[in-house]
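K.L.:
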Amino acid sequence: MKKMIIAAIAMFASSSAFAQEAAVAVTETVVANSDRGLVAIAAALAISISVFAGAMAQGKTASTALEGIARNPAASGKLLIPMILGLALIESLVIYALIIALGLK
801 MKKMIIAAIA MFASSSAFAQ EAAVAVTETV VANSDRGLVA IAAALAISIS VFAGAMAQGK
861 TASTALEGIA RNPAASGKLL IPMILGLALI ESLVIYALII ALGLK
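Below, the structure written as structure tokens:
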């Protein structure tokens, strides 16, 4: 009886050793495929969050500049150049995020 138990244990132990090699190969394939999917999700999140934040910042910048011009119309010349410079810098950050997202892809 003991010999049968030992033989059964040896049989199942050896089959699990061979199965482990196959499981490692399958796991490596799944990890490689899931990495590509995770990178695509990361790129999509990076560009969507940066575009949302850039749009909110541009809206706030334009709103504040227009409020300043409405309160003091004589200051429109002094507010226009810094506002356009700020909008350009905000937009450059969004374009930078787009380049990073395309680089991840």
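This note's numbering puts the first residue of the sequence shown at 801, with every later residue one more than the last. All residues carry an ideal CB built from backbone N, CA and C; glycine is no exception. In this text the structure is predicted, and so the values were computed from the model without any measurement.
Look at the Cβ atom of Gly868, then the Cβ atom of Leu880, and state whether they are nearer than 8 Å.
P.N.:
Within the sequence shown, the letter at position 68 stands for residue 868. Within the sequence shown, the letter at position 80 stands for residue 880. Taking 8 Å as the Cβ cut-off, Gly868 and Leu880 do not qualify as a contacting pair.
K.L.:
Tell me whether the beta-carbon of Ala857 lies closer than 8 Å to the beta-carbon of Ile884.
P.N.:
Position 57 of the sequence shown holds residue 857. Position 84 of the sequence shown holds residue 884. It is not a contact, given that the beta carbons lie outside the stated cut-off.
K.L.:
Under 8 Å by Cβ, that's how I've got Ser850 and Val894 pegged, so tell me the actual separation to the nearest angstrom.
P.N.:
What you label residue 850 is simply residue 50 of the sequence shown in a count that begins at 1. What you label residue 894 is simply residue 94 of the sequence shown in a count that begins at 1. That belief holds up - the Cβ atoms of Ser850 and Val894 are roughly 5 Å apart, short of 8 Å.
K.L.:
Would you mind working out which of Ala844, Asp835, Arg836, Gly877 sits nearest Leu899, comparing C-alpha positions?
P.N.:
Sequence index remark: in the sequence shown, residue 899 carries index 99 (1-based). Strictly speaking, residue 899 in this sequence is Ile, with Leu absent from that position. Residue Ala844 is the option with its Cα nearest to Ile899.
K.L.:
What separation, rounded to the nearest whole angstrom, lies between the Cα atoms of Arg871 and Gly859?
P.N.:
Locating residue 871 in the sequence shown gives position 71, where the first residue counts as 1. Locating residue 859 in the sequence shown gives position 59, where the first residue counts as 1. If you take the alpha carbons of Arg871 and Gly859, they lie about 18 Å apart.
K.L.:
Between Leu887 and Thr861, which are expected to be in contact by the criterion C-beta below 8 Å, what is the C-beta distance as a whole number of angstroms?
P.N.:
On the sequence shown, position 87 is the one that residue 887 refers to. On the sequence shown, position 61 is the one that residue 861 refers to. With 8 Å as the limit, Leu887 and Thr861 qualify as a contact, their Cβ atoms being about 6 Å apart.
K.L.:
Grab me the residues of Ala875's own chain with a C-beta within less than 7 Å of its C-beta, minus the 5 sequence neighbours each way, in chain order.
P.N.:
In the sequence shown, the residue the question calls residue 875 occupies position 75. Within the same chain, Ala875 has close Cβ partners Gly868, Ile869.
K.L.:
Find the nearest neighbour of Ser892 within the set Ala855, Asp835, Ile841, judged by alpha-carbon distance.
P.N.:
As a first step, residue 892 must be located in the sequence shown, where it is residue number 92. The shortest Cα separation from Ser892 among Ala855, Asp835, Ile841 belongs to Ala855.
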